[in-house]
Amino acid sequence: VRPEGDLDRTNAAALDAAIDRALQSRNDLILDLSEATFIDSSVIQSVVRAAQSSGRTHQAIVLQLGTAPLFERVLEIVKMEEVLPRARDRQDALRVIQREPASA
2 VRPEGDLDRT
12 NAAALDAAID
22 RALQSRNDLI
32 LDLSEATFID
42 SSVIQSVVRA
52 AQSSGRTHQA
62 IVLQLGTAPL
72 FERVLEIVKM
82 EEVLPRARDR
92 QDALRVIQRE
102 PASA
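Using our numbering, you'd call the opening residue of the sequence shown number 2 and step up by one each time.
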């Protein structure tokens with residue numbers, strides 16, 4: 002899932018729906034926020050919900066941030082690393098997923 006632009010409460014439902022569709026495929030998921038220009042707390046809530054859903058279905062989710070130091074800091078403050086692993090690029094995300102338990 003690769004949303005772009007400003008991500009806030011006005012489009013959080015669309016992000017949730019995209020994440021849900023991806024998880025329904027029973028594949029692991031890379032949530033790529035590299036092209037996001039802004040995130041708010043509703044997006045953080047979406048990420049937490051995705052992590053909870055993936056835990057119930059034993060799917061891996063990796064949060065890919067690319068070169069978004071501001072997002073890194075925000076996610077560090079909210080201790081997102083305790084919820085989801087992070088990656089800098091797609092290859093790194095795939096390496097992280099391969100270390101995660103496979104889907105059941």
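By construction, the Cβ of each residue, glycine as well, lies at the ideal position given by its N, Cα and C atoms. Note that the structure is predicted; figures quoted are calculated from it, not measured.
Please return the same chain residues whose Cβ sits closer than 6 Å to the Cβ of Glu5, not counting the five positions on each side in sequence.
Counted from its first residue, the sequence shown places residue 5 at position 4. Within the same chain, Glu5 has close Cβ partners Glu36.
Can the beta-carbon of Ser47 be found closer than 8 Å to that of Ala13?
Within the sequence shown, numbered from 1, the residue matching residue 47 stands at position 46. Within the sequence shown, numbered from 1, the residue matching residue 13 stands at position 12. Closer than 8 Å, so yes.
Does the beta-carbon of Ser55 have 16 or more other beta-carbons within 10 angstroms, so that it is buried, or is it exposed?
Residue numbering aside, residue 55 sits at position 54 when the sequence shown is read from its first letter. Burial call: buried.
Drop a sphere of 10 angstroms on the beta-carbon of Val2, count the other beta-carbons inside from all chains shown, and report buried for 16 or more, exposed for fewer.
Along the sequence shown, one-based indexing puts residue 2 at 1. The residue is buried, with at least 16 neighbouring Cβ atoms inside 10 Å.
From which residue to which residue does the alpha helix (DSSP H) around Gln99 run?
As a working mapping, residue 99 is identified with position 98 in the sequence shown. Gln99 -> alpha helix (DSSP H) spans 91-100.
Are Leu16 and Ile62 close, meaning C-beta to C-beta below 8 Å?
Stepping through the sequence shown from its first residue, residue 16 is reached at position 15. Stepping through the sequence shown from its first residue, residue 62 is reached at position 61. No, they are not a contact pair.
Helix, strand or coil, according to DSSP, for Asp7 in the structure here?
Taking the first residue of the sequence shown as 1, we reach residue 7 at position 6. Note: Asp7 maps to strand in three-state DSSP.
Would you list the one or two residues that DSSP bridges to Arg22?
Within the sequence shown, the letter at position 21 stands for residue 22. Arg22 pairs with nothing; no bridge assigned.
What residues in its chain sit with their C-beta under 7 Å from that of Val97, if we drop five residues either side in the sequence?
What you label residue 97 is simply residue 96 of the sequence shown in a count that begins at 1. The answer, listed in chain order, is Val63, Pro86, Ala88.
If contacts are defined as beta-carbon pairs under 8 Å, then Leu1 and Phe39 qualify, I think. What distance do you get, rounded to the angstrom?
What is shown of the chain runs 2 to 105, which leaves residue 1 out entirely.
Whose CA, out of Ser42, Glu82, Val49, lies closest to the CA of Ile113?
In the structure as shown, the chain starts at 2 and stops at 105, and residue 113 therefore has no counterpart that could be examined.
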